[in-house]
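Step one of this worksheet: look at the structure below.
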Amino acid sequence: MQSQDVAQRPASPSPTGPVVDVEQAEAALVEHYPRLVRLAYLVLPPGMGRGRRVLTAHALTQRALPRGSRTPAPVIPAQSAGRDGEPGYALVRLEVLRSALEAGLPLKLKPWPKRSQLPPLLPQVWGLKLFPRPGGADELALDQRLSTLSGPARAAYALRGLERLEDDAVREVLTAAGVADAEGALLEAGGVPEQFGLLDSPEFDPCSLQARPTDLMRRRQYLKAALAAGAALLVCGALFGLPGGGVGPDGAAAPPYARNPAAQAALDPAKLTRISPAAWRSSARTDFSVWPARGDLTGDTALLRRALAVWARPGGAVGVTATPGTPTGGPAGPPQLLFAGRVDAARVVILYDGLRIARYAEPADDTEGAALDFARVDGAGRSGASAVVLGRTDGNVRYLTAPWVKKAAERDLMKPGSGAMDLVLTGGVTAPLAGPVLRPGACTSWNVLQLTDGTGTRLLTDLGELVPARLTTGRPGSPGEVSGAEALRTWEPFACSLATMRSAGVRSVNAWAFNEQPLPDASGSAAWVCTRAETWRGGGARVLAQFHTPGGTYGAVAAKAENAPACGARHPHVLAGVWWKSEAGDWYLLAAGSRHTASIRASGGISGSARGSLLTVPAERGVRAELKGTLKDGRAIGGLR
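As numbered in the working numbering, residues 187 to 827 make up the sequence shown, in order.
What follows is the structure, encoded as structure tokens:
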């Protein structure tokens with residue numbers, strides 16, 4: 187589930203920046219127009235569709251000129267070849283970026299939507315569909331990965347790759363553009379491989395376009411359809427003027443275009459599946475299928491009807507999100523009701539159809555601004571079906587827990603010795619739990635949900651989606667719960683790396699301490715830990731090899747990969763290396779493999795080898811090296827990238 191973490195637009199650029207003439211800004215816009223449009227296209231939400239993103243990117247760029255005769259430029263870097271020190275370029279780039287981020291915000295009538303959130307009046311193209319020329323498989327894969335990021339994270343990736351800005355400069359630009367959590371955006375963007383060269387390909391160029399006609403046959407029917415729609419609008423207006431008019435029974439749902447009997451049966455609140463509160467005690471299954479219906483609005487037929495109708499046909503004003511790989515179509519039959527009740531300032535309905543969890547939420551005093559979220563949960567067992575997010579407010583999260591949960595608590599993963607703070611459970615609903623705290627420049631804490639049932643204690647973390655991810659630790663294939671002191675200490679330095687796994691449909695994350703390496707200057711031993719995130723859809727696993735030195739607060743990411751078998755049950759092996767500088771100023775290549783590694787060798791700009799699972803080689807900074815290893819059974823293993 188993606189979220190747009192964009193703060194209010196600053197009142198004005200920094201007064202300490204250089205003064206920019208409108209003519210200077212216009213010259214920069216004209217000279218760098220293709221790059222600015224490409225930047226806007228990359229940041230705009232993929233849900234718009236390629237054609238609308240093209241037109242919107244051009245519209246936002248053309249509206250980026252300042253309105254006054256002279257405008258202070260923001261004190262942010264203009265960096266990149268040919269644009270160093272151009273305050274005019276920095277000014278228009280900031281306005282393009284800010285408008286593109288605003289365009290991705292949910293559209294609401296209260297307060298009035300910003301101009302950038304509305305479809306552009308100009309440019310417009312009638313009778314044609316325009317979209318960038320297709321790239322290759324790598325470009326398509328990168329586009330799909332970027333579509334899973336939030337708007338600020340896409341902006342961070344584009345500024346890194348397209349503008350070649352360093353992370354400090356990216357933070358400054360994002361903050362100036364109104365992003366509230368620039369550090370979180372950088373961490374999230376770090377979860378996508380750095381294929382920056384692909385950003386210059388035609389796949390992401392909204393100035394090099396293909397044109398195709400719209401539906402030629404349908405054009406002839408437009409006039410008749412317009413006349414019919416006008417007549418229908420007059421009739422509807424008359425009906426709304428009658429006593430008792432107002433919001434219809436389906437709320438924010440779009441009008442029904444078909445009356446299929448099976449589809450209509452799935453939308454009947456009276457046919458919702460409701461499970462007995464005691465069913466889970468005698469059931470052979472312990473998953474969402476045995477959750478009873480809870481909440482104070484389970485008898486509100488009108489609310490349930492709206493939730494079902496919006497699920498089947500969400501209106502244009504409904505914000506719809508889904509974890510990667512989750513279909514968003516309507517239910518095939520009457521779904522199961524898990525919850526219907528008031529949660530803070532909203533009315534929330536949670537439904538389950540055997541494959542997905544669907545959450546419908548609307549403001550408590552209105553049906554405008556409704557939201558619909560989906561999460562894939564097929565194959566969920568007792569641990570995977572332990573909790574569902576009911577809502578997020580002011581950085582706090584409320585969960586609905588499974589009926590077998592006896593106790594809930596809040597724990598800071600970065601403070602394993604501080605203990606857990608009990609959370610009140612009322613009808614299975616937790617008291618508000620503070621979400622992970624990410625501040626610019628540092629991740630200060632990572633709060634997780636601790637649940638206890640008849641089988642033990644487990645930790646779950648909010649990764650911005652509907653179902654929290656389970657945290658485990660131990661050797662792949664037989665991981666254990668993060669409940670003991672040793673397991674908690676294993677996770678402590680690596681908690682902040684969870685930010686790179688947000689909005690990826692993560693089911694569980696395992697931290698495996700695969701080796702320990704003495705440091706060359708006799709300052710202690712460093713820990714090597716592999717964190718692997720498994721997804722609900724099976725593919726798309728994210729792997730990080732991390733290196734933690736004594737006395738350090740955080741673990742450093744030494745290598746990362748996506749869709750790699752390393753650290754998994756099918757391939758419980760890993761090999762990774764890192765450049766390390768001693769207190770005396772000497773550089774070393776340190777490499778480690780899992781315990782079944784028989785030998786390691788480094789080649790390329792450095793040469794060295796060692797028997798066993800550890801390698802230490804003196805080296806100069808910046809030298810490129812390639813790692814190869816051999817397992818004890820004779821198989822070869824490559825370094826994680």
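Positions of the beta carbon are idealized from the N, C-alpha and C atoms, including for glycine.
Quick caveat, the model's predicted, so the values are computed rather than measured.
Starting from residue 734 and walking both ways along the beta strand (DSSP E), at which residues does that stretch end? Numbered from 1 along the sequence shown, position 548 holds the residue referred to as residue 734. Segment 728-734, the beta strand (DSSP E) holding residue 734.
Tell me whether residue 607 sits in a helix, a strand or coil according to DSSP, three-state version. By one-based count along the sequence shown, residue 607 stands at place 421. Here residue 607 sits in strand by DSSP.
Between which residues of its own chain and residue 806 is the CB-CB distance below 7 Å, once the five residues before and five after are set aside? Sequence index remark: in the sequence shown, residue 806 carries index 620 (1-based). 773, listed in sequence order.
Counting Cβ pairs closer than 8 Å, one from the region 593-601 and one from the region 552-562, do we hit at least three? no
Cβ atoms of residue 716 and residue 695: under 8 Å apart, would you say? The residue you call residue 695 lines up with position 509 of the sequence shown. The residue you call residue 716 lines up with position 530 of the sequence shown. No, these two residues do not count as a Cβ contact at 8 Å.
Is the region 504-515 close to the region 456-465, with three or more CB pairs under 8 Å? no
Is the region 353-373 in contact with the region 278-291, if contact means three or more CB pairs nearer than 8 Å? yes
Check whether the Cβ atoms of residue 619 and residue 609 lie closer than 8 Å to each other. Position 433 of the sequence shown, counting from 1, holds the residue named residue 619. Position 423 of the sequence shown, counting from 1, holds the residue named residue 609. Yes; because the gap between Cβ atoms is below 8 Å, this pair is in contact.
If you follow the beta strand (DSSP E) that residue 522 is in, where does it begin and where does it stop? Position 336 of the sequence shown, counting from 1, holds the residue named residue 522. Segment 522-529, the beta strand (DSSP E) holding residue 522.
Can you tell me whether residue 671 is buried or exposed? The criterion is at least 16 other CB atoms within 10 Å of its CB, across all chains shown. Locating residue 671 in the sequence shown gives position 485, counting from the first residue. Flag for residue 671 reads exposed.
By the DSSP assignment, the beta strand (DSSP E) with residue 466 in it spans what residues? As a working note, residue 466 is residue 280 in the sequence shown. Where residue 466 is concerned, there is no enclosing beta strand (DSSP E), although the alpha helix (DSSP H) it sits in stretches over 465-468.
So what does residue 538 bridge to, in DSSP terms? Here residue 538 refers to the residue found at position 352 of the sequence shown. According to DSSP, residue 538 bridges with 522, 543.
Pull up the CB-CB distance for residue 573 and residue 585, whole angstroms please, since I reckon it's below 8 Å. Counting from one through the sequence shown, the residue named residue 573 turns up at place 387. Counting from one through the sequence shown, the residue named residue 585 turns up at place 399. Residue 573 to residue 585, Cβ: 4 Å. Contact.
Enclosing alpha helix (DSSP H) for residue 238 [first to last residue]: Counting from 1 along the sequence shown, the entry for residue 238 is found at position 52. Looking at the DSSP string, the run of the alpha helix (DSSP H) that includes residue 238 is 236-248.
Touch check for the region 753-773 and the region 672-687: three-plus C-beta pairs under 8 Å? no
CA nearest to the CA of residue 482, picked from 768, 527, 579, 395: The count along the sequence shown starts at 1 and reaches residue 482 at position 296. Checked all of 768, 527, 579, 395; the closest Cα to residue 482 is 527.
So, using beta-carbon positions, are residue 731 and residue 699 closer together than 8 Å? Position 545 of the sequence shown, counted from the first residue, corresponds to residue 731. Position 513 of the sequence shown, counted from the first residue, corresponds to residue 699. No, they are not a contact pair.
So, residue 239 versus residue 230, is the Cβ gap smaller than 8 Å? Taking the first residue of the sequence shown as position 1, residue 239 is located at position 53. Taking the first residue of the sequence shown as position 1, residue 230 is located at position 44. Taking 8 Å as the Cβ cut-off, residue 239 and residue 230 qualify as a contacting pair.
Based on the DSSP secondary-structure assignment, which residues constitute the bridge partners of residue 814? Position 628 of the sequence shown, counting from 1, holds the residue named residue 814. BP columns for residue 814 point to 787, 824.
According to DSSP, simplified to helix, strand and coil, what is residue 682? For the purposes of this step, residue 682 is taken as residue 496 along the sequence shown, with counting starting at 1. In this structure, residue 682 counts as helix in the three-state DSSP scheme.
Between residue 562 and residue 723, how many whole angstroms is the CB-CB distance? I'm expecting something under 8 Å. Looking up residue 562 in the sequence shown gives position 376. Looking up residue 723 in the sequence shown gives position 537. Sure, about 6 Å apart at Cβ, within 8 Å.
Given a threshold of 16 other Cβ atoms within 10 Å of its Cβ, counted over all protein chains shown, does residue 244 qualify as buried or as exposed? Residue mapping note: residue 244 aligns to position 58 of the sequence shown, counting from 1. Buried, since its Cβ has 16 or more Cβ neighbours within 10 Å.
On the DSSP bridge assignment, give the partners of residue 757 in chain order. As a working note, residue 757 is residue 571 in the sequence shown. Paired residues: 752.
Per-residue DSSP class, three states only, for residue 630: Looking up residue 630 in the sequence shown gives position 444. Note: residue 630 maps to strand in three-state DSSP.
Quick one, which of 208, 450, 272 has its alpha-carbon nearest residue 250's? Walking along the sequence shown from the start, residue 250 turns up at place 64. Out of 208, 450, 272, 208 has the C-alpha closest to the C-alpha of residue 250.
Limits of the unbroken beta strand (DSSP E) element including residue 574: As a first step, residue 574 is located in the sequence shown; it is residue number 388 there, counting from the start. It spans 573-579 - the beta strand (DSSP E) in which residue 574 sits, taken as one unbroken run.
How is residue 395 classed by DSSP in three states: helix, strand or coil? Translated into the one-based positions of the sequence shown, residue 395 becomes position 209. It is a strand residue.
Express the C-alpha separation of residue 316 and residue 473 in angstroms, rounding to a whole number. Your numbering for residue 473 matches position 287 in the sequence shown. Your numbering for residue 316 matches position 130 in the sequence shown. If I take the Cα positions, the gap works out to 46 Å.
Does the Cβ of residue 369 have 16 or more other Cβ atoms within 10 Å, making it buried, or fewer, making it exposed? As a first step, residue 369 is located in the sequence shown; it is residue number 183 there, counting from the start. Residue 369 should be labelled buried.
I need the boundaries of the alpha helix (DSSP H) containing residue 353, first residue and last residue. Counted from its first residue, the sequence shown places residue 353 at position 167. Taken as a continuous stretch (DSSP letters only), the alpha helix (DSSP H) holding residue 353 covers 353-362.
Hey, could you find the ends of the alpha helix (DSSP H) residue 282 is sitting in? Taking the first residue of the sequence shown as 1, we reach residue 282 at position 96. It spans 273-289 - the alpha helix (DSSP H) in which residue 282 sits, taken as one unbroken run.
First and last residue of the uninterrupted beta strand (DSSP E) at residue 774: As a position in the sequence shown, residue 774 is number 588, starting the count at 1. Residues 773-779.
Contact between the region 219-233 and the region 379-396 is defined here as three or more beta-carbon pairs at a separation below 8 Å; is this criterion met? yes
Inter-residue CB distance, residue 537 and residue 497 (contact presumed, cutoff 8 Å): Numbered from its first residue, the sequence shown carries residue 537 at position 351. Numbered from its first residue, the sequence shown carries residue 497 at position 311. Yes, residue 537 and residue 497 are in contact; Cβ-Cβ is about 7 Å, under 8 Å.
Out of 236, 337, 242, which has the shortest C-alpha to C-alpha gap to residue 689? On the sequence shown, position 503 is the one that residue 689 refers to. Out of 236, 337, 242, 337 has the C-alpha closest to the C-alpha of residue 689.
Can you tell me the Cα-Cα spacing of residue 632 and residue 543, whole angstroms? By one-based count along the sequence shown, residue 632 stands at place 446. By one-based count along the sequence shown, residue 543 stands at place 357. For residue 632 and residue 543, the distance between alpha carbons rounds to 25 Å.
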